[in-house]
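Colleague:
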Amino acid sequence: MLQVLDIVVPVFAIVLVGFAYAQLRPADMDTANRLNVSLFSPALIFHALSEQVGDIGGLGSLALGAAVIVLGSGVLAWLPARLLGWQWRTVVPPAMFKNVGNMGLPLMVFAYGEGALSAAVTLFVTSTLIHFTLGAWLLSRGLNLLGLLRNPIVLATIAGIAAQALDWRAPEMLRPGIAMLADVAIPLMLVSLGVRLTDLDLNHWRIGLLGGLLAPLTGLAIAVPWILAAGLSGQQAGLLLLLAALPPAVLNYILAESFRQQPAEVAAIVAFGNLAALAVIPAVLAMLL
């Protein structure tokens, strides 16, 4: 139990700092979030993929597992959404796209150490790429490939993979700067999540609570049989189970607002799902460790 607390307390403590700060004074995170998406997170991805990658084959199996969990969660979430009379475009994407950035990356690194950073980033990149392609298509019924290729996270992923494949490293004088930018990403993600939780709307508590729980429930329902069928174990299995158990990503709300897909309901799903993670994540970690 103490080992579980050692992992979750630092993560949730930083989230609480963001929540408390936003309660004390208005906090506009738009600029900070844009910087994180455009600068700090791409630096983290490039740094992890170009400098810290170990077993490429192992990362490939993780990426495949992440894709199966994301897509499978969407298939499983569609039926309860229809049965409960909810718009599936409101409920299915939050079940598919977990909070790998704000919560998953720090949890995975705290649980398995800095050596797991490249594996955790692989899961983050896989989920994010599907979110910006299939996820955007589900909400908009169209896909802007040019916009996708301009996305800093996509560009950093391509650059990191190319650097690793070509055995190229950034010049020595630039590496400390890239590492410093990368170090900002995860703490800022957690603070941003805490600030976002202050927007909780209790008027949509039913769809918020049930929709929020669909993310870990559908994720684990897909992850467990996949891990057994693929014969995965150890760190790989643990990382995929953590991915599956994560709550909905904050990006779901941002995209729902952009495409006018019931943003208030999606915000409730994201907020309640992340609050439920206070119980779900420690339980999963207790089984893994």
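In our numbering, the protein residues as written are 3 to 291.
Where is the CB? At the ideal position from N, CA and C, for every residue including glycine.
Given the structure is predicted, the values throughout are model-derived calculations rather than measurements.
1) Kindly indicate which three-state DSSP category P249 falls into: helix, strand or coil?
2) Please say whether A68 and S142 have beta carbons closer to each other than 8 Å?
3) If I measure Cβ to Cβ from M31 and keep anything under 7 Å in the same chain, skipping five residues before and after, which residues do I get?
4) Tell me the rounded alpha-carbon separation between R36 and E259.
5) How far does the alpha helix (DSSP H) with W228 in it reach, from first residue to last?
6) Please report how far the alpha carbon of A113 lies from the alpha carbon of L85, in whole angstroms.
7) Within 10 angstroms of its Cβ, does P178 collect 16 or more other Cβ (buried), or is it exposed?
8) Of the choices Q263, L248, L287, whose alpha-carbon is the least far from that of L277?
9) Indicate whether the contact test is met: 3 or more Cβ pairs, each with one atom in the stretch 115-131 and one in the stretch 240-255, closer than 8 Å.
10) Per the contact definition of three or more C-beta pairs closer than 8 Å, is the stretch 179-187 in contact with the stretch 36-50?
11) I need the boundaries of the alpha helix (DSSP H) containing G117, first residue and last residue.
12) For E174, does the count of other Cβ atoms within 10 angstroms reach 16, so buried, or fall short, so exposed?
13) So, T220 versus A29, is the Cβ gap smaller than 8 Å?
14) Okay, do the stretch 277-287 and the stretch 208-223 touch, 3+ Cβ pairs below 8 Å being the bar?
15) Could you tell me which of P265, M191, L257 sits nearest to L140, measuring between CA atoms?
16) Considering just the uninterrupted stretch of the alpha helix (DSSP H) at V49, what are its terminal residues?
17) Taking the alpha helix (DSSP H) that E174 falls in, what are its first and last residues?
18) Considering just the uninterrupted stretch of the alpha helix (DSSP H) at Q166, what are its terminal residues?
19) Just mark M289 as buried or exposed, buried being the case when its beta carbon has 16 or more other beta carbons within 10 Å.
20) When the Cα of V39 is compared with those of A161, L190, V94, A270, which residue comes out closest?
Modeller: By the coordinates alone:
1) In the three-state reduction of the DSSP assignment, P249 falls in the coil class, being assigned neither a helical nor a strand state.
2) For S142 and A68, no; Cβs fall outside 8 Å.
3) Contacts found: S194, V197.
4) Approximately 16 Å, taken between the alpha carbons.
5) For W228, the enclosing alpha helix (DSSP H) stretches over residues 207-232.
6) One C-alpha to the other measures close to 37 Å.
7) Burial call: exposed.
8) Nearest C-alpha to L277: L248.
9) As far as the Cβ criterion goes, the stretch 115-131 touches the stretch 240-255, which means the pair count is three or higher.
10) Of all C-beta pairs linking the stretch 36-50 to the stretch 179-187, three or more are shorter than 8 Å, placing the two stretches in contact.
11) Where G117 is concerned, there is no enclosing alpha helix (DSSP H), because DSSP gives it neither an H nor an E.
12) E174 comes out exposed.
13) The answer is no: Cβ separation not under 8 Å.
14) As far as the Cβ criterion goes, the stretch 277-287 touches the stretch 208-223, which means the pair count is three or higher.
15) With distances taken between Cα atoms, L140 lies closest to L257.
16) Note on identity: in this sequence residue 49 is His, with Val being the wrong assignment. Counting along the chain, the alpha helix (DSSP H) containing H49 begins and ends at 43-53.
17) First-last for E174: undefined, no H or E at that position.
18) Its alpha helix (DSSP H) spans residues 154-167.
19) Exposed, since its Cβ has fewer than 16 Cβ neighbours within 10 Å.
20) Checked all of A161, L190, V94, A270; the closest Cα to V39 is L190.
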